[in-house]
Structures are given as C-alpha cells and as structure tokens.
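The sequence shown runs 39 to 199 under this note's numbering. Backbone N, C-alpha and C fix where the C-beta goes; we use that ideal spot for every residue, glycine too. Here's the structure we're looking at; comments come further down.
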Amino acid sequence: MSWQPGDALLFQQPDTATGLSYLCFYELTAEQTLIDYRWQITPAKPDQFSIESSGSGVRLSASRLAGLFVPEFIDYRDGERVRRVADWPQVPQGKDLIEFRPSAISRREYTLSVTVRYSEKDENTGQSVEKTDTNSWLCVVLHDYSSGRQKLLEYMNASRH
39 MSWQPGDALL FQQPDTATGL SYLCFYELTA EQTLIDYRWQ ITPAKPDQFS
89 IESSGSGVRL SASRLAGLFV PEFIDYRDGE RVRRVADWPQ VPQGKDLIEF
139 RPSAISRREY TLSVTVRYSE KDENTGQSVE KTDTNSWLCV VLHDYSSGRQ
189 KLLEYMNASR H
C-alpha cells in the first residue's frame, strides 16, 4: 500500500524539455479493489500539460513545455513609432526590433494531487468498505533563457529573407 513514484518531486525540467510522461499510482494489495483515480493540479493546469486518469493511475504528459514563460515585452519599430507586444507571434515580419525583455520569472511550480478510491472487506463485518488515499507531487519547470534567445534568432533570420 504505497504510492508510486515514491519521491515528492515528480519532475524538474527546463522549459525546453519535450516528450514528458509520468504515471502516478497507488499499489493496491490483493484484498483491495480499485474504484477510480481522481486528480487536481494547482495552480491551474497549463495548456502544455495533459493529465488523464485511468485504471492504471494518473498520467501527466507534455509533448513540450515551451510557452510557459512569455517575454515581459518586445518593442519594435513601426515607421516612426515604437510598438510594444507581449509575445513573438504578435511581432510583424520585417520590423526592426528595439528591445526584447525575457520573462523575469525563472521557475513555475505545480502540485499534482491524486486520490485513489478503492474498496476492501472489513475484517469485522465482512462488508465491502470504500476507502480513499491521497498523495501529492511537485512539478517544477525552470526557465531556460536560451529559448527566448532562439526565438529572437528565428525572428532575425526570417526578417532577412
């Protein structure tokens, strides 16, 4: 009767990581019967995470973590005016970049809580009794500032063509 993985830290990965998949589950004894798993994540689940519950546990997956740390701002020249946008897709091609300030946030933490519901026979009555157990794991994403540098290079290269 234990939770897997056993560590409180589910993962710590840079925002450049790809192909993540983690399964959280409760090891039932032969006398216990699974009813279901439920999950909750705080703060709110980012779009990058996919979380699914099944008979084998709760799986947190992410094909990529990019986009969790958006720039504070990007300034570009539009004729005689300087315009400010919040992220790279908003910068029109061919404009001169004035300033790019990456996110000041260097770390995001999420807590994944999983509850298992199962039944087992009460030793005294022989009746099936429903029980629950809950465990939580920490998910840490670190800002790899090279991702912002890469976006800047991609923009500069696209502007040259």
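For residue i, I'd like the list of residues in its chain whose CB is within less than 8 Å of its CB, leaving aside the five on either flank, ordered along the chain.
i           : result
residue 51  : 58, 103, 178, 179 and 180
residue 134 : 114 and 115
What residues in its chain sit with their C-beta under 6 Å from that of residue i, if we drop five residues either side in the sequence?
i          : result
residue 70 : 156 and 158
residue 80 : 149
residue 78 : 151
residue 90 : 97
residue 76 : 153
Just checking my contact of residue i with residue j at CB under 8 Å: how many whole Å lie between their CB atoms?
i           : j           : result
residue 88  : residue 100 : 7 Å
residue 86  : residue 105 : 6 Å
residue 148 : residue 129 : Wrong, their Cβ atoms sit about 29 Å apart, outside the cutoff.
Take residue i as the anchor and find which of the options has the nearest alpha-carbon.
i           : options               : result
residue 168 : 68, 73, 66 and 95     : 73
residue 95  : 84, 60 and 146        : 60
residue 83  : 182, 162, 163 and 146 : 146
residue 44  : 64, 53, 123 and 98    : 64
residue 97  : 166, 121 and 42       : 42
residue 40  : 182, 77, 144 and 67   : 67
residue 144 : 166, 124 and 184      : 184
Between which residues of its own chain and residue i is the CB-CB distance below 7 Å, once the five residues before and five after are set aside?
i           : result
residue 176 : 46, 47, 48, 147 and 149
residue 120 : 113 and 136
residue 182 : 52, 53 and 54
Original post:
Can we say the region 136–155 touches the region 101–113, given the rule of at least three CB pairs closer than 8 Å?
Top reply: yes
Subject >> Validate contact between the region 142–153 and the region 163–178 using beta carbons, cut 8 Å, 3 pairs >> reply: yes
Subject >> Those runs of the beta strand (DSSP E) which lie wholly inside the region 51–97 and span at least 3 residues >> reply: 56–65, 70–80 and 88–92
Original post:
For the region 133–172, which segments carrying the alpha helix (DSSP H) assignment without a break, of at least 4 residues, lie completely within its bounds, in sequence order?
Top reply: Qualifying alpha helix (DSSP H) stretches: none in this window.
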